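Numbering (this note's numbering), first residue to last: 453 to 812.
Quick reminder that beta carbons are idealized off the backbone N, C-alpha and C, glycines included.
Predicted model only: the values in this text are computed from it and were never measured.
Accompanying notes for the structure given below.
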Amino acid sequence: PYSVKDYYSINPEFGNLNDLKSFVKAAHARGMYVILDWVANHTAWDNNLVTEHPEWYERDYKGNFRPTPWWDWSDIINLNYKNEGLRKYMTDAMKYWVREADVDGYRCDVAGFVPVDFWNNARKELDQIKPVFMLAEWESRDLHAEAFDMTYAWTWYEKMEQIAQGKAKDLSGLFVYYSWNESSFPKDAIRMVGVSNHDKNAWEGTEFELFGEGLQAAMVLSVVGEGMPMIYNGQEAGNPKRLKFFEKDEIIWKPHPNGDLYKKLFVLKKKNSTLLNWGHDATMTLVPNSKPDKVFSFVRQNEKDKIFVVLNFSAFPQTVTFKETLYHGKYMEYFSGKSLDLEASAKMTLKPWSFQVFVK
């Protein structure tokens, strides 16, 4: 993967163009969308462009092709976007799959290594075919200006992992992330959050290894907090292994508590309008509590719905009280189904790494 030999062909190990068309059609019939992973920064050494357009590649001071300087990834060489011919070729290739296979957009690999103005123009041309959805594997507000709908929230992942591993002295990293996200990114920017992805799973560990007992609490925050939650392949089945990056590695599909939790959370996300991803009309508002170093509590509300979330991000039981009146009201705790009236005297005891989600 990520070593592209031909931008206009499908690896025969996975099928052919008709197979892709059938897959996309079946997904659309189920109300789903399909985006392709797109690698615009570099190609394989045996890509036809190497011989047909060697001038489209970066060179070192000796005039040799320049491999991407990532660990042992010597099988890829960088493209040079100073070439207008390359820009047209790459844009046309992206348009091809939207036209021919009816795909709905792209997840763009290392998007920050490619000039923003290229992405801006590509998005305009793609949207002329049909409205597309664009995800950047990068964390930069500038990418949201014209080209991308969503970017990776690497900072969220880093802060959440540190908390789950007990390496963070408090929850300030989360406070800073959400404040930065709200103040610095465009209002309609979507940030992608989650507890795993292909890089983390393959190179660092499974979500079970990296988040331990804090995994489900982190999963809950990824869905009910601001951002678009991502589920990596196999998470819903509780896949316990690091998937091989360069070889076929089948997942054993079976029911798992994490899959059940995600199902419940997405039912809530679809039903409760405060959890919609477009616009900041229901941003997270901090509810101060008596254990701010360990317990994260916030409200999201609009004219229609309200949600009050309390998460114990520690390995010990925590009893907390809350300040201000923002959380006051009659709720149902989503997971237990219990109704309750929260007032100023409310006191809550949470088990280690537990959570409660109150909806009204």
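Report yes if the CB atom of residue i is closer than 8 Å to the CB atom of residue j, and no otherwise.
i, j, result
"S648", "E659", "yes"
"P804", "N764", "yes"
"W655", "C560", "no"
"F787", "V809", "yes"
"L727", "V772", "no"
"V476", "V555", "yes"
"V751", "L778", "yes"
"S539", "F570", "Note that residue 539 is Arg in the sequence shown, not Ser. Result yes, Cβ atoms of R539 and F570 sit closer than 8 Å."
"K613", "F663", "In the sequence as displayed, the identity of residue 613 is Glu instead of Lys. The answer is yes: Cβ separation under 8 Å."
"A588", "A605", "no"
"A492", "K457", "no"
"V657", "A616", "Reading the sequence as shown, one finds Gly at residue 657 and not Val. Going by C-beta atoms, G657 is not nearer than 8 Å to A616."
"R518", "N530", "yes"
"N573", "T543", "yes"
Can you give me the C-alpha to C-alpha distance between residue i and residue j, rounded to a whole angstrom?
i, j, result
"S791", "V761", "15 Å"
"Y459", "D651", "22 Å"
"K619", "Y630", "19 Å"
"E610", "K799", "31 Å"
"S725", "H780", "19 Å"
"A796", "L626", "25 Å"
"S766", "L595", "35 Å"
"E507", "N516", "11 Å"
"Y454", "T520", "11 Å"
"L488", "D701", "20 Å"
"K576", "F585", "12 Å"
"R694", "G686", "10 Å"
"G467", "T607", "36 Å"
"Q753", "I759", "6 Å"
"S592", "H708", "35 Å"
"S636", "I462", "39 Å"
"Q580", "R482", "25 Å"
"K582", "G789", "42 Å"
"E755", "A641", "22 Å"
"Y783", "S749", "15 Å"
"P692", "S624", "30 Å"
"S474", "P464", "15 Å"
"R511", "G690", "45 Å"
"N535", "V628", "40 Å"
"E661", "F768", "20 Å"
"K696", "E776", "50 Å"
"L472", "W632", "39 Å"
"A478", "W590", "30 Å"
"L802", "I703", "34 Å"
For residue i, which of the options has the nearest alpha-carbon?
i, options, result
"P744", "Q770, W705, A597", "Q770"
"Y485", "S455, Y558, D512", "Y558"
"F774", "N754, F787, V739, R593", "V739"
"E688", "D640, V676, W705, K700", "W705"
"E785", "A545, F585, K716, F768", "K716"
"R643", "A670, F600, V751, G537", "F600"
"Y509", "G537, R482, G483", "G537"
"F698", "E661, M736, W497, W525", "W525"
"K746", "M546, E755, D622, S592", "D622"
"E678", "K693, Y548, E702, K639", "K639"
"K723", "D757, H708, P707", "D757"
"F718", "K696, M680, S749, R482", "M680"
"A669", "R511, S749, E755, F807", "F807"
"E504", "W590, Y541, W632", "Y541"
Report the CB separation of residue i from residue j in whole angstroms; it is logged as a contact under 8 Å.
i, j, result
"G646", "M682", "4 Å"
"I528", "H480", "Actually they do not touch by this definition, with Cβ atoms about 32 Å apart."
"M671", "L713", "6 Å"
"Y409", "P567", "This structure leaves residue 409 out entirely; the chain is present only between 453 and 812."
"L469", "A553", "7 Å"
"D684", "N729", "A small correction: the amino acid at residue 684 is Tyr; Asp does not occupy that position in the sequence shown. Actually they do not touch by this definition, with Cβ atoms about 18 Å apart."
"T735", "E634", "6 Å"
"K547", "L501", "At roughly 17 Å, the Cβ-Cβ gap does not stay under 8 Å, so K547 and L501 are not in contact."
Let me see if you follow: with CB-CB separation under 8 Å, is residue i close to chain B or not?
i, result
"Y485", "Judged by its chain identifiers, the structure shown contains no chain B, having just a single protein chain."
**OP:** Tell me the start and end of each unbroken beta strand (DSSP E) in the stretch 559 to 595 that is at least 3 residues and wholly inside, in chain order.
**Re:** 585 to 588
- Item | Every unbroken beta strand (DSSP E) within the stretch 629 to 679, with a cutoff of 3 residues, ordered by chain | 642 to 645
Beta strand (DSSP E) segments (min. 3 residues) lying fully within the stretch 465 to 516: 488 to 490, 494 to 496
Hey, which unbroken runs of the beta strand (DSSP E) at 3 residues or more fall wholly within the stretch 696 to 778? 747 to 753, 758 to 764, 770 to 773
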